[in-house]
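There are 2 protein chains.
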Amino acid sequence: MQELLTDFISKYVSLTEEEKNAITSLDIFRSARKGTILLEQGQISNEGYFVLKGCIRTYYVIDGEEKTTAFYTEMEGLTPHCVLDKKPSEYFISCVEDSIMTVSNPDMEVEIFEKFPKFETLCRILSEELLAKQQINFDEFKTSSPEQRYLNLLQKRPDLIQRVPQHQIASFLGITPQSLSRLRARVLANIKG
Amino acid sequence: MQELLTDFISKYVSLTEEEKNAITSLDIFRSARKGTILLEQGQISNEGYFVLKGCIRTYYVIDGEEKTTAFYTEMEGLTPHCVLDKKPSEYFISCVEDSIMTVSNPDMEVEIFEKFPKFETLCRILSEELLAKQQINFDEFKTSSPEQRYLNLLQKRPDLIQRVPQHQIASFLGITPQSLSRLRARVLANIKG
DNA sequence: CGCATTTCTTAACTTAAGGTAACGATTAGT
DNA sequence: ACTAATCGTTACCTTAAGTTAAGAAATGCG
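One line per chain: the protein sequences are G and X, in this order.
Counting in the numbering used here, the first sequence runs from 1 upward without gaps.
Counting in the numbering used here, the second sequence runs from 1001 upward without gaps.
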């Protein structure tokens, strides 16, 4: 499992054996079963997650309804907003599947960054890249219809549609489950007809 | 103008006189008139921008129509995606108003980060915060209707609605200018009635 | 100042999404 | 294996957004 992580990191910065050991000695690996809630709305936490295997999601509960807004799968990570602003979380985080992830916190990071500045560079680069990608994602969302967004997701993340319940995909696409169901039927009919 | 920048930075990390001088000696300030195009679709650039005064926007041209997806005003910055992936830009960047900004590039950053690691920490923190904020923004977008999004914008960025043409606000809200116009009339009628 | 362009509004029509509800299908738990 | 809960589909009606088009208002420029 550690290897997955060090391999991923090696794509961005080269690691000495010492640095690899520093990582694996941190004891940051955690596994959690499908359905496990990692963070609750209203809760303050300082844990950041990086998914090695499996899938986690963030969701809000609005008028008693779950609204899933993001999925994180292999080699994707998130630092919940509440970790940064130290206020109660607006959203939940839970496991869509049995998952293995790393868990970090700001204190740990400071400590590591002091010993190995390289890791801070890594984190900066990852955040900057993610920010730019995220912006493009958002742009695409704004400039397309629900149907286009669904077709787009089919292309870019076909795995998600397989591994995640459809009503969670629906709110991820910004629509209701019923609309997604209809939309899918429409798309299918158009292909056939 | 330099003071605006150093004051902003000082909110995140404390700066020595030497560091302040390092910044101001970089000669990174640029001003541009309303309508100036800073980056064109298809162009490769390595400039990042940080707005000190004024407003810039990113937009796509889709089927001959401009789709504005983001605005950056005082103390907001962006690194275009093309800077990071070195591929032609998907979007344009232009000035909504006469603007003053700093212009940076990756080489400069590396140089500065080596001399003053503090600045790398600053950039990391800013990116991480921005990423989390951006995600919440996106979440709100997905979980609300166009009307809610408009009302939300009125609350959070009342200045934007004043300083930016309405058809640009419309695509920023993910709708057509006609829809925004109708929606506004509806909202107004509801307040009165 | 007046003409051209851009921007905003309005309206009529079309299309699709939201809301509600009912009913299978699938899944999970005992 | 059976029951309960969750999940997906379908249908009906309502509401609002997209489309197209026209014209009014504001802005920019010579």
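The beta-carbon is built from N, C-alpha and C at its ideal position, and this holds for glycine as well.
If residue i and residue j are in contact, beta carbons under 8 angstroms, what's the gap, nearest whole angstrom?
i         : j         : result
Asp139/G  : Thr1079/X : Going by Cβ atoms, the distance from Asp139/G to Thr1079/X rounds to 15 angstroms, so no, they are not a contact pair.
Gln162/G  : Leu180/G  : Not a contact, Cβ separation roughly 15 angstroms.
Val1187/X : Glu1129/X : So it is not a contact: roughly 32 angstroms between Cβ atoms.
Glu1047/X : Lys1118/X : So it is not a contact: roughly 23 angstroms between Cβ atoms.
Val164/G  : Phe71/G   : 6 angstroms
Lys142/G  : Gly1174/X : 4 angstroms
Cys1123/X : Arg124/G  : 5 angstroms
Ser127/G  : Ser1045/X : No, Ser127/G and Ser1045/X are not in contact; Cβ-Cβ is about 20 angstroms, not under 8 angstroms.
Would residue i pass as a contact of residue j if the rule is Cβ separation under 8 angstroms?
i         : j         : result
Tyr1049/X : Tyr1091/X : no
Gln2/G    : Thr16/G   : no
Gly1077/X : Val1110/X : no
Ile100/G  : Phe29/G   : yes
His1081/X : Ala185/G  : no
Ser144/G  : Asn152/G  : yes
Thr36/G   : Ser89/G   : no
Arg57/G   : Val96/G   : yes
Ala22/G   : Phe116/G  : yes
Met108/G  : Leu5/G    : no
Glu1074/X : Glu120/G  : no
Asp98/G   : Lys34/G   : yes
Let me confirm a value: residue i is counted as buried when at least 16 other C-beta atoms fall within 10 Å, else exposed. Which label applies?
i         : result
Gln135/G  : buried
Leu39/G   : buried
Leu1154/X : exposed
Gln178/G  : exposed
Ala1170/X : buried
Lys87/G   : exposed
Val1061/X : exposed
Gly54/G   : buried
Gly1042/X : exposed
Arg1182/X : exposed
Ser1104/X : buried
Gly1064/X : exposed
Lys67/G   : buried
Ala1032/X : buried
Ser1010/X : exposed
Residue i versus chain G: which residues are under 8 angstroms apart at the beta carbon?
i         : result
Pro1177/X : Going along chain G, no residue has its Cβ under 8 angstroms from Pro1177/X, so there is no contact; the nearest lies around 14 angstroms.
Ser1045/X : Here the premise fails: no neighbours, minimum Cβ distance about 13 angstroms.
Ala1022/X : Per Cβ cutoff of 8 angstroms: no residues; Ala1022/X is ~18 angstroms from chain G at best.
Since residue i meets chain X, which of its residues come closer than 9 angstroms, beta carbon to beta carbon?
i        : result
Cys55/G  : What Cys55/G touches in chain X: nothing, since even the nearest Cβ is about 17 angstroms away.
Leu4/G   : Near Leu4/G there are no residues of chain X at all, since even the closest Cβ is about 23 angstroms away, more than 9 angstroms.
Lys167/G : Looking at the sequence itself, residue 167/G is His, so the reference to Lys does not match. Result: empty, since nearest Cβ-Cβ is about 14 angstroms, beyond 9 angstroms.
Glu90/G  : Ile1136, Asp1139
Pro158/G : Correct list: empty, because the minimum Cβ distance to chain X is about 21 angstroms.
Could you tell me which residues DSSP pairs with residue i in its beta bridges?
i         : result
Arg1030/X : Met1101/X
Ala1070/X : Thr1058/X
Glu76/G   : Val51/G
Ile1037/X : Ser1094/X
Glu65/G   : Ile62/G
For residue i, return the contacting residues in chain G, with the cut-off set at a CB-CB distance below 9 angstroms.
i         : result
Ser1171/X : Lys142, Thr143
Ala1185/X : The premise fails here: Ala1185/X is roughly 22 angstroms from chain G at the closest Cβ pair, so nothing lies under 9 angstroms.
Can you pull the chain X residues whose beta carbon is under 8 angstroms from the beta carbon of residue i, in chain order?
i        : result
Gln134/G : Leu1131, Gln1134, Gln1135, Phe1138
Ile62/G  : Thr1143
Any heavy atom of the ligand MN closer than 7 angstroms to the Cβ of residue i?
i       : result
Tyr60/G : Looking for the ligand MN in the displayed structure turns up nothing, as the structure carries no ligands at all.
What does residue i touch in chain X if you count any residue whose Cβ is under 7 angstroms from its own?
i        : result
Leu38/G  : None at all; the shortest Cβ gap to chain X is about 16 angstroms.
Gly174/G : Lys1142
Glu120/G : Glu1120, Thr1121, Arg1124
Ala189/G : Simply none; closest approach about 25 angstroms.
Pro117/G : Pro1117
Just the chain G side, please: which residues come within less than 7 angstroms of residue i by C-beta, in chain order?
i         : result
Lys1067/X : Thr143
Glu1128/X : Thr79, Leu84, Ser127
Ala1032/X : Neighbours of Ala1032/X on chain G: none; closest Cβ ~21 angstroms, over 7 angstroms.
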